[in-house]
Amino acid sequence: METTAISKQGVRNYIDGKLIDHQGNYQELISPLDGQLISQVPLSGNEALEEAVKAAEKAFPAWAALTLKERVQVFYEYRDLLAKHRQELTDLVHLENGKTLEEAAAEVEKSIELTEFACSLPQLVTGEIMEVSKGVECRTERRPLGIVASITPFNFPNMVPNWTIPNAIALGNCMIMKPSEKVPVSVERLAQLLSEAGLPDGVFNVVNGDKEIVEAICKHPKIQAVSFVGSTKIAQVVYRKATESLKRCVALGGAKNHLLVLPDAQVEMTASNIAASMAGCAGQRCMAASAMVGVGAVDHIIAKLCEEVQQIVPGKNLGAVISLEAKQRIEGYITQAESAGAKVLVDGRSPKVPGKENGYYVGPTVIDFVTPDMAIAKEEVFGPVIAIMRAQSLEEAIEIENGSNYGNAAAVFTQNGGWAKEVMERASAGMVGVNIGVPVPREPFSFGGWNESKFGVGDITGKSSVEFWTQLKKTTTKWNPESKINWMS
Ligand code: NAD
2 METTAISKQG VRNYIDGKLI DHQGNYQELI SPLDGQLISQ VPLSGNEALE
52 EAVKAAEKAF PAWAALTLKE RVQVFYEYRD LLAKHRQELT DLVHLENGKT
102 LEEAAAEVEK SIELTEFACS LPQLVTGEIM EVSKGVECRT ERRPLGIVAS
152 ITPFNFPNMV PNWTIPNAIA LGNCMIMKPS EKVPVSVERL AQLLSEAGLP
202 DGVFNVVNGD KEIVEAICKH PKIQAVSFVG STKIAQVVYR KATESLKRCV
252 ALGGAKNHLL VLPDAQVEMT ASNIAASMAG CAGQRCMAAS AMVGVGAVDH
302 IIAKLCEEVQ QIVPGKNLGA VISLEAKQRI EGYITQAESA GAKVLVDGRS
352 PKVPGKENGY YVGPTVIDFV TPDMAIAKEE VFGPVIAIMR AQSLEEAIEI
402 ENGSNYGNAA AVFTQNGGWA KEVMERASAG MVGVNIGVPV PREPFSFGGW
452 NESKFGVGDI TGKSSVEFWT QLKKTTTKWN PESKINWMS
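Residue numbers (the numbering used here): 2 to 490.
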């Protein structure tokens, strides 16, 4: 199989084990690093989806008939191929997404860990059996759903697709992936690696495109389940459309993550954690710290945070944001907050990045004295910006956190166990941290927020995803030689 990294002619769909040149409209693919055209992405329509569904339908019976232990063998191979090609995969993420090479490498490592979890599924997904009355047994087993779809965002071109690929497929489903049209190249390469790992043709298919193909996926009668990761606005659209077509759906949305900082917090550790959380991946992580609530006398921690943040340099240890539009939106939030009376302590607007003048960079920005009614306090900025609000008590800080419509992550920085426990119990977020800026639950724990950060039941990774990607079969057997019949037998 051909393994060229980026085709200038255009990214290809991947259907029934083949890379397919798209006949139809394309959209330009620009690298955020320097604004250069790198390829073009197909805007596929119904025809491509029909082909992908046909291929998946054909592949499903044989794939589902294998045992789980047999199916995960492919993922042992895939894991090794991810490791073998880690540098190439890292370079692709860096080029198409704009994050730093170090961040891109960490993303690929995370994909390896996600795949290792899938390899452990035979140890976890064992079913149950019980003799419920004499000679009568009930047993349960997890069976695949059939054809499932996964729709992914731009911010993790390699890792977020791997949130769903290994688990859903190892559990016996056939998948249609719709990557973000802003970062389709990594998934094209993953498709090749899955094939090389021995995945039968048609089990994994990729259709590229935008709104039109997403709507077609949500409506398609042969697709049983849809997972979505992206902004809250589109998560709501996808959740409504998919469930209206009677599909199972989990749709992860945007975030506004609050870090509550108490005056007793350890200064260096807190400042470096907040700086890394707000600026890592240029703030384009759904787990990024985007609001800090300082409780009481925390000026010394804010001063240290500003010192840390000034070590973060666009184009060196800070990557680009995804597009010119994103840069303008992020800088607009800063300007708007400043005009509303907030104080910009570190200003990242319009940074100079020598040699990358056409890239989309925003420097790390710290804004103090933000009030909860400002747009920058309420809305997802998705850039390397932290909005600091001040509270007089922990109670007030928790109220500010609870007031957010989102609920992905929240964290507290303190050395006081009682205060930490209070936040663990009362934060209105699916993922909570104590003295950690990015509280991502690692495998086997599952990833998923609350409130408007997630629609649907269950999480998208870890043990919780097993329920989403399977259905439970309950079988009752009676081998009762006495053939006695009563209401329990
Ligand atoms: P997005 O919502 O714009 O796009 C996500 C996907 O939806 C893409 O594949 C895109 O093609 C498709 N899409 C876009 N507009 C559509 C429309 N009108 N109808 C149907 N489909 C449409 O998100 P993005 O900008 O790619 O990613 C950033 C967002 O993703 C942020 O809000 C971030 O917080 C969120 N995110 C959330 C999580 C999480 O776990 N909660 C993880 C990663 C990213």
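All C-beta atoms, glycine included, are put in the ideal place defined by N, C-alpha and C. Remember, predicted model here, so these are calculated numbers, not experimental data.
- Lys464 is a Cβ neighbour of Pro445, given a cutoff of 8 Å.
- For secondary structure counted as the alpha helix (DSSP H) over 4 or more consecutive residues, the segment 91-133 holds these complete runs in sequence order: 102-120, 122-125.
- Minimum Cα-Cα distance from Asn156 among the listed residues Lys135, Leu67, Gly284 corresponds to Gly284.
- DSSP places Thr366 in the uninterrupted beta strand (DSSP E) bounded by 366-369.
- Checking the DSSP bridge columns, you'll see Thr336 has no partner listed.
- DSSP places Thr233 inside the alpha helix (DSSP H), whose first and last residues are 233-245.
- The residues Pro33, Gly36, Gly99, Ala321, Val322, Ile323, Ser324, Leu325, Ala327, Lys328, in chain order, have a CB closer than 8 Å to that of Tyr361 in the same chain once the five nearest residues on each side in sequence are set aside.
- Of the residues assessed, Ile130 falls on the exposed side of the cut-off, its CB having fewer than 16 other CB atoms within 10 angstroms.
- With a 10 Å radius around the Cβ and a threshold of 16 neighbouring Cβ atoms, Asp460 comes out buried.
- Cβ atoms of Leu83 and Ile113 come within 8 Å of each other, at about 5 Å.
- Taking the Cα positions, Glu78 is about 24 Å away from Arg13.
- Within the chosen limit of 7 Å, the ligand NAD reaches the beta carbon of Pro154 through at least one heavy atom.
- Secondary structure of Ala290 (DSSP, three-state): strand.
- For the pair Ala290 and Gln416, the Cα-to-Cα distance works out to about 20 Å.
- With a cut-off of 7 Å, the C-beta of Cys287 is classified as near the ligand NAD, since at least one heavy atom of the ligand falls inside that distance.
- Following the DSSP letters along the chain, one finds Pro62 inside the alpha helix (DSSP H) bounded by residues 47-66.
- Relative to the ligand NAD, Ile31 has its C-beta separated by 7 Å or more from all heavy atoms.
- Only buried fits His23, as 16 or more other CB atoms lie within 10 angstroms of its CB.
- Leu395 sits in a helix when the DSSP states are folded into three classes.
- DSSP places Thr477 in the strand class (E or B) of the three-state scheme.
- The beta-carbon distance between Ser228 and Thr165, rounded to whole angstroms, is 5 Å. This is short enough to meet the 8 Å contact definition.
- Residue burial is scored here from C-beta neighbours: Thr366 has at least 16 other C-beta atoms within 10 angstroms and is therefore classed as buried.
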